[in-house]
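>
Residue numbers (my numbering), protein chains in the order written: chain A, 1 to 378; chain B, 1 to 378; chain C, 1 to 378; chain D, 1 to 378.
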């Protein structure tokens, strides 16, 4: 682990009390701001509105467009976070946790032989973030044939979609970055291991950090069900705290120290019950973890976070000036992967909170993520 | 198992000697042909050429368009094959083999904790069948942001493709059918369990037999490596015989009776070494199993076939009048699923021929197949 | 059966000219209706719901799924309509009207030099029929470059859509047909000039009747504004009658006999004011012409119909058993093309009701229609 | 630096007419070049290879990746070119030429009533630049129905493509720009009227300069056929000179001063005969105009250039350090639109060199260009 990494983690985890204090504890970054005249120049440079902010249902939630002082370092990123703990050349991030020893450790949890699908089916009616689409057409009816004297016919399916970022989706390392320089400067938009948009973003696929670099995941998974703790579905913007996790583990007769490095942690908030029932509400925000739990995940050195929501983290964040700070902290800075829009109905019905989490991303070269449902094996 | 099913299997397996005799042993279906005058009428009806036959590289191989006598039953399908052994309402086919008992039986093979990716990455340069495409675009650079005072940016990927029928691909039950009636009659184009194109094919996704009905696969996998047996890569149209399988098992110190109901059988022909090296040759045909091995698979009651080729079966078939008769036999009639364009380099390098084959299709509602690489766990 | 329907049938069976005599020379197919018991059998055959009827907003309007008596000839099509007046091999339909003489006749109407765009812009927020989509992505930002020491960069746009059937759209001859036989029988689904789905429909593009066969349109256009006649926007299902046309022409100081063979007739119903203002209502139905005006169009031997609605014809039809009977009558049977979702604001503001209608479809091989806005030149 | 290049620079700084004076009023920016040490710093900054240069057939031709000295002004762009002659807010560029007076002037050339389609059909087999694709699928067979007791069926077509940049294509003002700053700096990638990538490029469509801003084109068109002048098809990289134009006009009995402001000029090089006959050669480069003719076009104040090639300009340029300098000069700096991959067979067969050029782009909001064939009317 590098110095930069260490120090960054410390800064983020220093506020131990209320999670919403976390972000506010970072005013010191102004000390690195450029002199006033340069800032004035840039303010006049017509940096303009942030286009993306106007898309889709999510635009209704109070994300602050990048504005104010574009030359100052962004909030929470006063220090560089690279090289990563897995090395400067690493492109696999937390999937490096999956070693033979880890696989064998996980396999011990296969006792019943039961397999649970932990995600949703893919269809046009599922809730979609922003302007993303999912379209499927069957070309022809059938697509081909009859062929041969056996008169074979066949169907294909033709799909157009943001394939790794719709439905149950797995976020990999080329998905989330931070604009360190001026908003238009692609050579200072930094991702995991410091890679920049200028270096690896390409119209035809990411040149680095693509999901094909992810190793197959087969590890111990822990489900934390918040619904019994709260006695209800959690609400949009409601943050899961470490105390909440401990309360849930206690209800589930699990001990915190059973959660080991390289394990996967999954959260059930109840928000997933809105899936296809109330897509507008589902997309309007979500409950989830905040920076406090993100730092707990980093300290535990986990492999993966997941939830029954579209971002795993609470949206909006309690600090309204921050957009998806957990994504940025876990994925961009620590290379910890994330699985969104999961479904835990079967596990919960059977009161199974510990299982093998197994998932192999579809290795789309230059993709930001992957479709596919993980399985839980007990 | 139904009578129809039994009888059909008998018919197909009756020629025990050379696999190419199988097809030729079926002239008796002419006895059910309609009277000559009706046939003459239909011949004059302008049923025409089969459009699909003219597509892509594959068109170069000698598949016979359906022609001659369209009202006679197609070759090899004089008997109906439904209801299936899994019941008339079944839509899961051979994935029904994956019971808790089977999962536990398979899990015993996890000894090293090593995971092998058994497929290829997805990219535009991979060989594609016929007119299928694979396109990926990164919208924007980045796609969204900067957002918030933390100035988060993100990438998506936008993919258009025959998603379940490109690259490493898993064929499910809505993919292959047989035109039992006249070529244009959708209500006699029959698939697994007798479903017809008229019943379930829809411009926006199959109404039945979609890949979302497949259960997660986690079973014992056996790799049969033919390259050492042949001393070379097998060639297009070269059929893998049961004797070949036995020779390979012997070389691998495996016994045939270790292959049990519900297991997966995978073939390495060497053809996969052409992947991205000589796509034209790769697409021009392939070695693979024929009807003899297909019947052996049915008798063994296996769950899945797979190979390092785009169809698993030999193309062209030794009986040039037949188009993909193994697909038709295994998938359409027996509901046995198929995994194409696999890669076994790691397993072969480590001389690992028995492992857990694990794969969960992306549950695309109404899809014919799924992308994604299975893993082999040892 | 409506009056309009009756008249349509009469028109077809008493052709006054050579070109339409062909159709009348067919025997009355009603004598070939199957015996009652067979029909009863088919009624019980579970032909089921028509899948397409359940798609999108339009599903709310009362279209009757094909049901009842599938083996009997469909309503309104007891006689075959081919070969067409333009010949048995014709694929250009009413665009054949555009001869040099017609172009010169039209060009006389260019007096002001003013050009009006008669359609809408294409964007994801436009109303779309059923499950159709319109998606546009800019790959990269920019897509390519910098190149050379001059450092050129460029943008592309990547579009996925039902390109000829979204937004302002031009229907050509492969779009609409009639299922003459049993519902699943592709060899009796007949289009213009009697072509069947079995003959020309292909997963990769229509083999006949594609929009590339349309000749460039440059003809006299007449706008009939119904809003002043009605004193309001017309409502969904409200039929434009010949009397309405005459009333509008009178208000516009135009004479009916100025509408000559090969001319284009365009209707303003006011429905277009809902465009992007109330897409749900816009899609829920529409005012438009019925069979009475369709027959008037046929008698006048016009080249094209158009309107500020998504189908030009009234939806639902006054005869609730009929689905889009005007499309079927004009396009399938008479090869008269149709332009939907037009906009006439500029023409109406300037009180210009006669102009050159000019439009050249994008010649997409095997396409059913074309995007693009026609222009009106005065 | 080529002669043409020199003259281009001169022309811009000593404009003889009103329209180009705007540009000349800018201070010479060459005095703002950064000091040598900063440039040396940037040279070491690893700006790396230009991704786009490696795409497709075209990559074989000798375009120099932007390299060397990224902070210095790019070649040929030492002066800013905005605001445009049509005003600082203009987004219509040279389509502003199309006034009623111009339309009436053009309409005088309609004498025969003959219409020529000046482009190609769209199909997957056409030559495509770089990694662009054209895919068409017919969903279902048919897509919908039967509906109603009239049993209507219909087809749609589902297209995925770089819609404005494939086949016969019309380039509008958001297509081509110049990276004025460092390669990764989107806020200095400038387009027509000085708009920057940071300002208007968006993952979901250009926010400015989209093709929906183009006015319908209806103007006098002049075809310059170089094949008779050269006695052969011109070759890749061969530049059409002003002398060549004059020789062609002379052969065609036309006078140079008949080419008036706002007219369209179209070049036939013979290269279009390779279309679908030898796509590899077609894409490998092309003959076309260079900077000399570009400046002649600017002096003549024309509305549009076009040719039977994919870029209209000669590729590679005689100055091998330049990538598409004519695009940059005409479109980016002067807002003059461009029509590529045209076809003139009919006009040439009839020896018609003067005609109405008429084209209305498909108004795709935020699109860089448009599909569609222009027509020539005589």
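Beta carbons are placed, not taken as given, at the ideal position from N, Cα and C, and that holds for glycine.
1. Quick check on the DSSP output: the beta strand (DSSP E) that includes residue 356(B) runs from which residue to which?
2. Does the ligand GTP have a heavy atom nearer than 8 Å to the CB of residue 147(C)?
3. Sorted by chain position, which residues of the same chain lie with C-beta nearer than 7 Å to residue 296(D)'s C-beta, five sequence neighbours on each side aside?
4. Residues in its own chain within less than 8 Å of residue 7(B) by CB, not counting five upstream and five downstream?
5. For chain D, find out if any of its Cβ atoms is closer than 9 Å to the Cβ of residue 363(C); answer yes or no.
6. Reducing DSSP to helix, strand and coil, say where residue 252(C) ends up.
7. For chain D, check one thing: does any of its Cβ atoms lie closer than 9 Å to the Cβ of residue 261(C)?
8. With a floor of 3 residues, list each beta strand (DSSP E) that falls wholly inside the stretch 282-342 of chain A, ordered by position along the chain.
9. Going straight from the alpha carbon of residue 317(D) to that of residue 129(D), what length do you get?
10. Should residue 375(B) go down as buried or exposed, given a rule of 16 or more other Cβ atoms within 10 Å for buried?
11. With 16 as the cutoff for other CB atoms within 10 Å, does residue 250(A) come out buried or exposed?
12. Measuring only the C-alpha atoms, how far is residue 215(D) from residue 359(D)?
13. What are the complete alpha helix (DSSP H) segments, minimum 4 residues, inside the stretch 111-144 of chain B?
14. For a cutoff of 9 Å on Cβ pairs, would you count residue 324(D) as touching chain C?
15. For a cutoff of 9 Å on Cβ pairs, would you count residue 357(A) as touching chain B?
16. Below 7 Å CB to CB, which residues in the same chain sit around residue 144(D) once its five sequence neighbours on both sides are set aside?
17. Suppose the cutoff is 6 Å on Cβ atoms and the five residues either side in sequence are ignored; what does the same chain contact list for residue 179(B) look like?
18. According to DSSP, which residues form a beta bridge with residue 383(C)?
19. Tell me which residues of the stretch 140-159 of chain B have at least one Cβ-Cβ distance to chain A shorter than 7 Å, keeping chain order.
20. May I ask which residues mark the beginning and end of the beta strand (DSSP E) holding residue 158(A)?
21. Looking at the C-beta of residue 53(A), does it have a partner C-beta in chain C at a distance below 9 Å?
22. Under 8 Å Cβ-Cβ, which residues of chain D neighbour residue 202(B)?
23. My assumption, with CB atoms under 8 Å, is that residue 227(B) sits in contact with residue 270(B). Please give the rounded CB distance.
24. Please classify residue 142(C) as buried or exposed, where buried requires at least 16 neighbouring CB atoms within 10 angstroms.
25. State the CB to CB distance for the pair residue 369(A) and residue 211(A), rounded to an integer number of angstroms; the pair is presumed to be in contact (CB under 8 Å).
26. Which residue wins for smallest C-alpha separation from residue 138(C), given the options 157(B), 126(B) and 127(B)?
27. Less than 9 Å separating the beta-carbons of residue 223(A) and residue 102(A)?
28. Note down, in chain order, all residues in the stretch 193-219 of chain A with a beta-carbon under 7 Å from any beta-carbon belonging to chain B.
29. Would residue 322(B) and residue 298(B) qualify as a contact pair, given that the criterion is a beta-carbon distance under 9 Å?
30. Between the C-alpha atoms of residue 47(D) and residue 213(D), what's the straight-line distance to the nearest angstrom?
31. If I follow the unbroken beta strand (DSSP E) through residue 179(C), where does it start and stop?
32. Flag residue 371(B) as yes if its beta-carbon sits less than 9 Å from any beta-carbon of chain A, otherwise no.
33. Report the residue from 325(A), 319(A) and 341(A) whose alpha carbon sits nearest the alpha carbon of residue 392(A).
34. Quick check: what's the CA-CA separation for residue 219(D) versus residue 263(D)?
35. Measure the beta-carbon distance from residue 338(C) to residue 305(C) and round it to whole angstroms, keeping in mind my assumption that it falls under 8 Å.
36. Can you check whether the C-beta of residue 131(C) is within less than 9 Å of a C-beta belonging to chain A?
Reading it off the structure:
1. Per DSSP, residue 356(B) belongs to the beta strand (DSSP E) from 354-359.
2. Ligands are entirely absent from the displayed structure, and the ligand GTP is therefore not among its contents.
3. When the five nearest sequence neighbours on each side are left out, the beta carbons in the same chain lying within less than 7 Å of the beta carbon of residue 296(D) are those of 242, in order along the chain.
4. Because residue 7(B) carries a pLDDT of 32, less than 50, the predicted location of this residue cannot be relied on, and the following value inherits that uncertainty. Taken in chain order, the residues that qualify are 79.
5. With 9 Å as the cut-off, residue 363(C) counts as an interface residue toward chain D.
6. coil
7. no
8. 304-307 and 337-340
9. 17 Å
10. Looking at its Cβ environment, which holds 16 or more other Cβ atoms inside 10 Å, residue 375(B) is buried.
11. exposed
12. 9 Å
13. none
14. Answer yes: the Cβ-Cβ gap between residue 324(D) and chain C drops below 9 Å somewhere.
15. no
16. 153 and 154
17. Taken in chain order, the residues that qualify are 189.
18. No statement about residue 383(C) is possible, as the shown extent of chain C runs from 1 to 378 and does not include it.
19. 141, 142, 144, 145, 146, 147, 148, 149, 150, 151, 152, 153, 154, 155, 156, 157, 158 and 159
20. 158-161
21. Residue placement at residue 53(A) cannot be trusted, given a pLDDT of 33 that sits under 50; the coordinates are not used to answer.
22. Residues of chain D passing the Cβ test: 140.
23. 5 Å
24. buried
25. Between residue 369(A) and residue 211(A) the beta-carbon gap is near 6 Å, inside 8 Å, which marks them as a contact.
26. 157(B)
27. Taking 9 Å as the Cβ cut-off, residue 223(A) and residue 102(A) do not qualify as a contacting pair.
28. Residues 197, 201, 202, 203, 204, 205, 206, 212, 216 and 218.
29. Result no, Cβ atoms of residue 322(B) and residue 298(B) do not sit closer than 9 Å.
30. Its pLDDT being 27, under 50, residue 47(D) is placed unreliably by the model, and the measurement read from it follows with that caveat. Those two C-alpha atoms are separated by around 35 Å.
31. 176-179
32. yes
33. Here chain A comprises residues numbered 1 to 378, so residue 392(A) is not present and cannot be evaluated.
34. 6 Å
35. Yes, residue 338(C) and residue 305(C) are in contact; Cβ-Cβ is about 5 Å, under 8 Å.
36. At least one chain A Cβ lies under 9 Å of residue 131(C).
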